[in-house]
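First up is the structure itself, then whatever we jot down about it.
Protein chains: 2
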Amino acid sequence: MSGPAPRAGRVLVVGLGLIGGSVAAALREGGFAGEITGYDQDHACSVRALQRGLVDAAAASLDEALGSAELVVIAVPALGVEQVLVAVRESARADVVITDVASAKGVVLESARRVFGALPPGLVPGHPIAGSERSGVEAARGDLFRGHRAILTPHAGTAPAALALVEAMWICAGAAVTCMEAGEHDRILALTSHLPHVLAFTLVNALSQQDSSEQIFRYAAGGFRDFTRIASSDPVMWRDIALANRDSLLAAIDVFTDSLAGLRASVANSDAAALHGLFASAHGARGRYLQWLEAAQAPAAASSGDDA
Amino acid sequence: MSGPAPRAGRVLVVGLGLIGGSVAAALREGGFAGEITGYDQDHACSVRALQRGLVDAAAASLDEALGSAELVVIAVPALGVEQVLVAVRESARADVVITDVASAKGVVLESARRVFGALPPGLVPGHPIAGSERSGVEAARGDLFRGHRAILTPHAGTAPAALALVEAMWICAGAAVTCMEAGEHDRILALTSHLPHVLAFTLVNALSQQDSSEQIFRYAAGGFRDFTRIASSDPVMWRDIALANRDSLLAAIDVFTDSLAGLRASVANSDAAALHGLFASAHGARGRYLQWLEAAQAPAAASSGDDA
Chain A
7 MSGPAPRAGR VLVVGLGLIG GSVAAALREG GFAGEITGYD QDHACSVRAL
57 QRGLVDAAAA SLDEALGSAE LVVIAVPALG VEQVLVAVRE SARADVVITD
107 VASAKGVVLE SARRVFGALP PGLVPGHPIA GSERSGVEAA RGDLFRGHRA
157 ILTPHAGTAP AALALVEAMW ICAGAAVTCM EAGEHDRILA LTSHLPHVLA
207 FTLVNALSQQ DSSEQIFRYA AGGFRDFTRI ASSDPVMWRD IALANRDSLL
257 AAIDVFTDSL AGLRASVANS DAAALHGLFA SAHGARGRYL QWLEAAQAPA
307 AASSGDDA
Chain B
7 MSGPAPRAGR VLVVGLGLIG GSVAAALREG GFAGEITGYD QDHACSVRAL
57 QRGLVDAAAA SLDEALGSAE LVVIAVPALG VEQVLVAVRE SARADVVITD
107 VASAKGVVLE SARRVFGALP PGLVPGHPIA GSERSGVEAA RGDLFRGHRA
157 ILTPHAGTAP AALALVEAMW ICAGAAVTCM EAGEHDRILA LTSHLPHVLA
207 FTLVNALSQQ DSSEQIFRYA AGGFRDFTRI ASSDPVMWRD IALANRDSLL
257 AAIDVFTDSL AGLRASVANS DAAALHGLFA SAHGARGRYL QWLEAAQAPA
307 AASSGDDA
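Protein sequence lines, in the order shown, are assigned to chains A and B. Per the numbering used here: the first sequence ends with 314, consecutive numbering throughout. Per the numbering used here: the second sequence ends with 314, consecutive numbering throughout.
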C-alpha cells in the first residue's frame, strides 16, 4: 500500500469474546478509529469490555449501533454470522464495510448471498490465525494478533476501498495480511487447524471413557498436555466450525484416517523398516516446517498462539 | 523408606543419549555413587559425555566396564536392551542390580527371561516419565527428571535390596517413584504417550503428502506447532517403542479410530447436538485432568517434559 493507511470513523465490534474483545482492544490501542463500539447479546459482557477498557462504548442495541458504524467486525461463532448480517442489512449504512473473524469462510459467503441476494461490495471476510484455548471477554488482549497472520478472502466484487480498510485494520492490530480464495482457506485450515483440534478432542474423549481414566491421566506427562491443550477450546465455537467447514473437515479426517490405517498395518506387521520410514519422514517434515517458520519473512508464523 | 538411602559404589550407564546422559548427570550431581561410568557403542558419544562432565569415566569396553559395576542402567532403545542383557549375563557380577529406562516394560521382562532363563532377582525394570523431542548426548541435562515420575515394574522375584537401590537412584535424580505391574504400565503408556506420538507423526506425514504442503504448513499456527512437537522425536526410538509395545499400541489405535469414526459421523450428519456434546465432554475431561495435575501430591505430574 502507498499513501497514508485508511482509518475509520466509527468501528462496531459485534461479539465480545476472546477474538472480538481482542480486536477492539488492538484497534483502540492502535488509534485506528474515532470510536470503537462494542456490542454483545450478553449485555454484561459489553459492560465488562467497557470496564476493561477494550472498547470506547458499549452498545445496548445492535440496530442502533449499526446505524452509525462505518466498519462492522462480526466476531461471533461461525453459524451466528448470518443472523448478524440480517441486522446489518436492516440497520446499517449502505456503504458500510463488513468483515468477520470466523474460522470458515465459504459459509460466510453463502450466508451473505442468502441475506443480501448478491455479495455486497463492502464485504471482506477475514480470519486471524491467532487465538488461545481460553475464551471470553476476560481472555481478550490487545496484542493477541501481533506477529500473526490474518487471512482475507475478498470476493470478485469486493470494493478495493473496503479491502484496503480491512487490511489497514489488521495491520493496525499487528497482523500480516494475506489474501486467498475462500475455498482454499477452508481446505488449508481444515488440515492445519480443524483436524488437529478434532484429533485432540477425540483423544481426550477416548481416554476419559476408558476404565480407570483417572489413573491414565495421572501418568500423562508434558507431551500429552501440549498435544491436548487445544481440547480445552470452546465447545460452541468448535461445534460451529465443524458444521461450517463440514466438507473440508470430512476430507481432512479421511486423509488422516487413511494415513493412520497405514501406520497401524505397519505396527500389526511388526514392519520395522516401514515404521522407521514413517517416523523419519514425519521427523524430517516437521524439521522443514520449523525451518519455514524461521525463514518466513512475515513475523506472523513464528509467533505462538492457536489457529482456529 | 526408613534409614539412610542406599548408595552405589560404581554405576555403569549403557547408552549415552538424552536419557542415559541425563541419568548419569543427575546421579553425578547428586553424589549417588563413588563413580559413574558411561558406555556407548559410539565411542565418540562416550567421549563427549566425559567432556560435558556427565560421567566420571568413559568406558571403551562394555564387558570390562560391566565387570566392576554394582548397578547397571540400560538406556538404549527398547529393542536394544536384550543385547545389553546378554553382555550383562556374560560379564557382570552375579549380584549386579540391573535397571533400564525403556518405554515398554513387558518386552524387557521377556528379553530377560530369554537371556537369563529366569528373571534375575537383581532386575528392576523402570521408566522415567520425562524426556524431550530433542535427543542425543548434547540434549542431556541433570535436571531432566526433577519433579517427574519414574515408574518401576519389579517382578515377583525382584530382591527388596535391588528395588531399594533403584528407587534411591530415581529419588536422587529428583523423580517420584511409583511401582506397578509391567502390563499395566504398557497399557497406560500406550494410551497417554505412544498413541499421541503416533497421531502426531501421522498428522505431519498426512499433511506433508498433500499437494502444496509448503503452503499448508505456512498457515499452521501455534496450536499445530504444539500438537506436532512430539513428531520431532527420535525415529529409531519410536520405531522400537511401536514394535516393543505392539499389542497395547494396536489396542490404543483402535480405541482412537473408533472414537474418530463416531465424531466423523456426527460431522457428516451435521449433528450439532452430538458435536457440542463431544467437544464439551473433552473440554470438561481436560479440565479435570488439569485439576488432577495441580492436586497431585507428587510434584511429578505437574512439571513439563515428554513422556515416552
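Beta carbons: idealized from backbone N, C-alpha and C, even for Gly.
Is there at least one Cβ from chain A nearer than 8 Å to B:F233's Cβ? Walking along the second sequence from the start, residue 233 of chain B turns up at place 227. With 8 Å as the cut-off, B:F233 counts as an interface residue toward chain A.
Spatial distance of B:D240 from B:M186 (CA atoms): Looking up residue 240 of chain B in the second sequence gives position 234. Looking up residue 186 of chain B in the second sequence gives position 180. Each residue's Cα considered, the two are about 27 Å apart.
Span of the beta strand (DSSP E) holding A:I157? Counting from 1 along the first sequence, the entry for residue 157 of chain A is found at position 151. 155–158 is the span of the beta strand (DSSP E), which, as asked, contains A:I157.
Using a Cβ-Cβ cut-off of 8 Å (strictly less than) and excluding sequence neighbours within five positions of B:L209, which residues of its own chain qualify? On the second sequence, residue 209 of chain B is found 203 positions in, with the first residue counted as 1. Contacts found: F233, T234, A237.
Hey, is B:D216's beta-carbon within less than 8 Å of any beta-carbon in chain A? Residue numbering aside, residue 216 of chain B sits at position 210 when the second sequence is read from its first letter. Reading the sequence as shown, one finds Gln at residue 216 of chain B and not Asp. Chain A contact via Cβ: present.
Please confirm whether A:G229 has its beta-carbon closer than 8 Å to some beta-carbon of chain B. Start at 1 with the first residue of the first sequence, and residue 229 of chain A comes out as number 223. For A:G229, the answer is yes, since a Cβ of chain B falls inside 8 Å of its Cβ.
Leaving out the 5 sequence neighbours to the left and right, which residues in its chain are closer than 6 Å to A:I25 when beta-carbon positions are compared? In the first sequence, the residue the question calls residue 25 of chain A occupies position 19. So the list reads A81, V107, once near-sequence residues are dropped.
So, helix, strand or coil for B:Y45, using DSSP? The residue you call residue 45 of chain B lines up with position 39 of the second sequence. B:Y45 falls in the strand class under three-state DSSP.
With a 10 Å radius around its C-beta and 16 neighbouring C-beta atoms as the bar for buried, classify B:V79 as buried or exposed. In the second sequence, the residue the question calls residue 79 of chain B occupies position 73. Buried: at least 16 other Cβ atoms inside 10 Å.
Going residue by residue through the region 167–233 of chain A, where are the continuous beta strand (DSSP E) segments of at least 3 residues, counting only ones entirely within it? Fully enclosed beta strand (DSSP E) runs of 3 or longer: 182–185.
With 16 other Cβ atoms within 10 Å as the buried cut-off, status of A:A307: Against the first sequence, residue 307 of chain A aligns to sequence position 301. In this prediction, A:A307 scores a pLDDT of 40, lower than 50, which makes its location untrustworthy; no coordinate-derived value is stated.
Whose C-beta lies closer than 8 Å to the C-beta of B:E41 among residues of the same chain, with five residues either side of it excluded? Residue numbering aside, residue 41 of chain B sits at position 35 when the second sequence is read from its first letter. G15, R16, V17, D62, A63.
When we look at the beta-carbon of A:N275 and count the other beta-carbons within 10 Å, is it buried (16 or more) or exposed? Position 269 of the first sequence, counted from the start, is the residue given in the question as residue 275 of chain A. Under this definition A:N275 is an exposed residue.
Extent of the continuous alpha helix (DSSP H) to which B:A301 belongs: The residue given as residue 301 of chain B occupies position 295 in the second sequence. For B:A301, the uninterrupted alpha helix (DSSP H) segment begins and ends at 278–301.
CA-CA distance, B:A291 and A:L33? By one-based count along the second sequence, residue 291 of chain B stands at place 285. By one-based count along the first sequence, residue 33 of chain A stands at place 27. Between B:A291 and A:L33, the C-alpha separation is close to 36 Å.
Let me check understanding here. Comparing Cα to Cα, which of B:L169, B:A71, B:S117, B:M175 lies closest to B:S52? Here residue 52 of chain B corresponds to residue number 46 of the second sequence, with the count starting at 1. Residue nearest to B:S52 within the set B:L169, B:A71, B:S117, B:M175 is B:A71 (criterion: CA-CA distance).
Report yes if the C-beta of A:G229 is less than 7 Å from at least one heavy atom of the ligand SAM; otherwise report no. Because no ligand of any kind appears in the structure shown, any question about the ligand SAM cannot be addressed here.
Between the C-alpha atoms of A:G268 and A:A226, what's the straight-line distance to the nearest angstrom? Within the first sequence, numbered from 1, the residue matching residue 268 of chain A stands at position 262. Within the first sequence, numbered from 1, the residue matching residue 226 of chain A stands at position 220. Spanning the two alpha carbons is a distance of roughly 26 Å.
Based on DSSP bridge pairs, tell me the residues matched to B:R16. Within the second sequence, the letter at position 10 stands for residue 16 of chain B. B:R16 is bridged to B:E41.
Just to confirm the assignment: which complete alpha helix (DSSP H) runs, minimum length 4, are found wholly within the region 82–167 of chain A? Within the region 82–167 of chain A, the complete alpha helix (DSSP H) runs of at least 4 residues are 87–97, 112–122.
Measuring CB atoms only, is the region 187–203 of chain A touching the region 121–136 of chain B, in the sense that at least three cross pairs come out at less than 8 Å? With a cut-off of 8 Å on Cβ pairs, the region 187–203 of chain A is not in contact with the region 121–136 of chain B, counting fewer than three such pairs.
For B:V61, the first and last residue of its enclosing beta strand (DSSP E): Residue 61 of chain B sits at position 55 when you count from the first residue of the second sequence. Note, B:V61: premise wrong, no beta strand (DSSP E); not H, not E.
Cut-off 6 Å between Cβ atoms - residues of its own chain near B:G27, not counting five sequence neighbours on either side: Taking the second sequence and counting its residues from 1, one reaches residue 27 of chain B at position 21. Counting only residues of its own chain and dropping the five nearest sequence neighbours on each side, B:G27 has a CB closer than 6 Å to the CB of A55, L60, V143, A146.
Of all the options A:H203, A:R224, A:A196, which has the alpha carbon lying nearest to the alpha carbon of A:L256? Here the question's residue 256 of chain A lines up with position 250 in the first sequence. For A:L256, the nearest C-alpha among the options comes from A:A196.
Chain B contacts from the region 281–298 of chain A (Cβ-Cβ distance under 9 Å): Answer set for the region 281–298 of chain A: L281, H282, G283, L284, F285, A286, S287, A288, H289, G290, A291, R292, G293, R294, Y295, L296, W298.
Which of the residues in the region 244–262 of chain A, read from start to end, lie with their CB under 7 Å from any CB of chain B? Flagged, chain order: W244, R245, A248, L249, R252, L255, L256, I259, V261, F262.
Proximity of A:G36 and A:C178 at Cβ, strictly below 8 Å: In the first sequence, residue 36 of chain A corresponds to position 30, counting from 1. In the first sequence, residue 178 of chain A corresponds to position 172, counting from 1. Cβ distance < 8 Å, so A:G36 and A:C178 count as in contact.
Nearest by alpha-carbon distance to A:F262: which of B:F207, B:Q57, B:D48 is it? The sequence position of residue 262 of chain A within the first sequence is 256, counting from 1. The option with the nearest alpha carbon to A:F262 is B:F207.
Might you give, ordered along the chain, the residues of its own chain that have their beta carbon closer than 6 Å to the beta carbon of B:Y295, omitting 5 neighbours on each side? In the second sequence, counting from the first residue as 1, residue 295 of chain B sits at position 289. By the criterion of a C-beta distance shorter than 6 Å, B:Y295 is surrounded by no residue of its chain, once the five residues flanking it on both sides are discounted.
By the 10 Å Cβ neighbour count, where 16 or more other Cβ atoms means buried, how is B:G137 classified, buried or exposed? For the purposes of this step, residue 137 of chain B is taken as the residue at position 131 of the second sequence. Buried: at least 16 other Cβ atoms inside 10 Å.
Unbroken beta strand (DSSP E) run spanning B:L266, endpoints: Counted from its first residue, the second sequence places residue 266 of chain B at position 260. Element bounds for B:L266: not the beta strand (DSSP E) but the alpha helix (DSSP H), 252–274.
With a cut-off of 8 Å on the beta carbons, I'd call A:A39 and A:R13 a contact; round off their distance for me. Sequence index remark: in the first sequence, residue 39 of chain A carries index 33 (1-based). Sequence index remark: in the first sequence, residue 13 of chain A carries index 7 (1-based). Between A:R13 and A:A39 the Cβ distance is about 6 Å, and since that is below 8 Å, they are a contact.
Between which residues of its own chain and A:G112 is the CB-CB distance below 7 Å, once the five residues before and five after are set aside? To locate residue 112 of chain A, count along the first sequence from 1; it is residue 106. Answer for A:G112: A188, G189, D192, listed in chain order.
Residues of the region 107–132 of chain B with a CB closer than 7 Å to any CB of chain A: list them in chain order, please. Those would be none; no residue qualifies.
Out of curiosity, what's the CA-to-CA distance linking B:D149 and B:E300? Here the question's residue 149 of chain B lines up with position 143 in the second sequence. Here the question's residue 300 of chain B lines up with position 294 in the second sequence. Straight-line Cα distance between these residues: approximately 21 Å.
For B:L77, three-class secondary structure by DSSP: In the second sequence, the residue the question calls residue 77 of chain B occupies position 71. In this structure, DSSP gives B:L77 an extended state, which the three-state scheme calls strand.
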